[in-house]
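> All the letters of the sequence shown, read from the start, carry residue numbers 2 to 283 under our numbering.
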Amino acid sequence: MGMRRSNAFFIPDSASQLILPFVVNLVFLNLQQAIFLFVAGGLGGALNSVAGGGSFIAFPALLFVGVPPIPANATNTLALWTAAAASGSAYRKRLNIPQRVLIPLISVSLLGGLAGAFLLLKTPAHTFMQVLPWLTLGATLLFAFGERLSGGRISGIGHEATQTVILGAAVFQLLVAVYGGYFGGGMGIVMLAMLATLGMTDIHDMNALKSVMGFVINGVAVVAFIVAKAVYWRQGLFMIGGGIVGGYLGAHYAQKLPQRWVRGFVIAAGAGMTVYFFAKAY
């Protein structure tokens with residue numbers, strides 16, 4: 002008489018027919034999410050390397066796969082910070098700002114980024130989602146009309162900058178840094194608009210200074226988010242990978258793009274995400 006297998010050591014065929022498709026579907030779903038987040042991170046990193054606004058892609062992607070709003074913002078900040086690290090070297094030859102201007106701007110970026118990050122961590126998710134569309138709207142409008150606000154002036158934050166100009170730029174950048182630490186979406190657009198109002202006209206020179214300040218703002222915010230355990234690492238790692246690739250490639254080709262195309266694309270992306278967030282929040 003043949004030996005019977007113990008039920009403790011095998012799964013009945015009927016159960017395996019139920020479990021196996023579930024496991025396969027779970028793995029396939031995660032693979033879909035991984036690819037989706039990798040691509041979103043790549044597009045966000047590339048867009049940030051050109052003119053900012055990468056969070057308009059990366060942040061909604063995290064929401065789409067089920068990450069709650071505040072952890073999504075924290076994870077998005079981490080991913081695009083690594084993307085900025087990958088793309089920053091492309092603009093190093095364009096960074097021609099004296100230390101007496103650069104140091105104050107970096108200092109207020111550090112302080113503002115930290116303050117904004119703590120503000121986000123103390124803000125209820127519902128409140129954040131209600132504020133979010135207004136932030137994106139303001140960033141998009143400021144970028145769209147920031148160049149006109151400069152009144153046609155040439156750059157006022159170079160070697161000839163006065164103490165008054167440096168102080169004004171530092172105060173403006175402090176507000177931008179708080180905004181950036183609170184919500185990274187559109188921060189690059191806001192900084193470009195701020196630099197335009199101060200008289201800078203070459204978007205590649207503006208990007209060089211913007212990338213340094215953005216790296217500091219997001220860097221200190223990332224530390225705060227990690228300490229607070231607000232980052233979703235499982236989703237974030239795929240987005241980080243895509244961000245590094247996109248940031249590097251975007252920085253390589255950014256300076257070859259016509260400036261009008263860059264501005265038009267960022268304004269269109271910002272407007273689209275503003276409409277999306279208004280519809281979702283209200």
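Glycine is no exception: its CB is placed at the ideal position from the N, C-alpha and C atoms.
#1: Could you tell me the distance, in whole angstroms, from the CA atom of Ala75 to the CA atom of Val223?
#2: Grab the span of the alpha helix (DSSP H) containing Tyr180 for me, first residue to last.
#3: Please report the straight-line C-alpha distance between Asn97 and Met130, rounded to a whole angstrom.
#4: So, is Pro70 buried or exposed, given that buried needs 16 or more other C-beta atoms within 10 angstroms?
#5: Relative to the C-alpha of Gln256, which candidate in Asp206, Ile268 and Leu210 has its C-alpha closest?
#6: Taking just the CA atoms, how far does Phe39 sit from Met240?
#7: Under three-state DSSP, which class holds Thr124?
#8: In chain order, which alpha helix (DSSP H) runs of at least 4 residues are fully inside the segment 217-244?
#9: Buried or exposed: which applies to Ala280, given that a residue is buried once 16 or more other Cβ atoms fall within 10 Å of its Cβ?
#10: On a Cα-Cα basis, can you pick out the residue from Leu143, His253, Met214 and Ser50 that is closest to Ala272?
#11: To the nearest whole angstrom, what separates the beta carbons of Ile190 and Thr141, a pair I think is in contact under 8 Å?
#12: Roughly how many angstroms lie between the CA atoms of Tyr277 and Ile58, to the nearest whole one?
#13: To the nearest angstrom, report how far apart Asn26 and Val221 are at their CA atoms.
#14: Could you check if Ile104 is buried or exposed, using at least 16 other CB atoms within 10 Å of its CB as the buried criterion?
#15: Mind reading off the beta-carbon distance from Tyr254 to Pro72? Whole number of angstroms is fine, and I expect it under 8 Å.
#16: Kindly list the residues whose CB is nearer than 6 Å to the CB of Gln260, restricted to its own chain and excluding five residues on each side of it in sequence; keep chain order.
#17: Could you tell me how far apart the beta carbons of Leu63 and Gly55 are, in whole angstroms, since I believe they sit closer than 8 Å?
#18: State the Cα-Cα distance for the pair Phe23 and Phe60, rounded to the nearest angstrom.
#19: Pull up the distance between the alpha-carbon of Met188 and that of Gly251, whole angstroms please.
#20: Would you kindly work out how many angstroms separate the C-alpha atoms of Leu112 and Ala178, rounded to a whole number?
#21: Please classify Leu258: does DSSP put it in a helix, a strand, or coil?
#22: Please state whether DSSP places Arg264 in a helix, a strand or coil.
Here's the rundown:
#1: 7 Å
#2: Gln164 to Tyr183
#3: 38 Å
#4: buried
#5: Asp206
#6: 5 Å
#7: coil
#8: none
#9: exposed
#10: Leu143
#11: 7 Å
#12: 11 Å
#13: With a pLDDT of 44 at Asn26, under the threshold of 50, the modelled position of this residue cannot be trusted; read the value that follows with caution. If I take the Cα positions, the gap works out to 39 Å.
#14: exposed
#15: Actually they are not in contact, since the Cβ atoms of Tyr254 and Pro72 sit about 32 Å apart, beyond 8 Å.
#16: Ile204
#17: Between Gly55 and Leu63 the Cβ distance is about 12 Å, and since that is not below 8 Å, they are no contact.
#18: For Phe23, the predicted model reports a pLDDT of 42, less than 50, meaning its position is unreliable and no value from the coordinates is stated.
#19: 18 Å
#20: 8 Å
#21: coil
#22: helix
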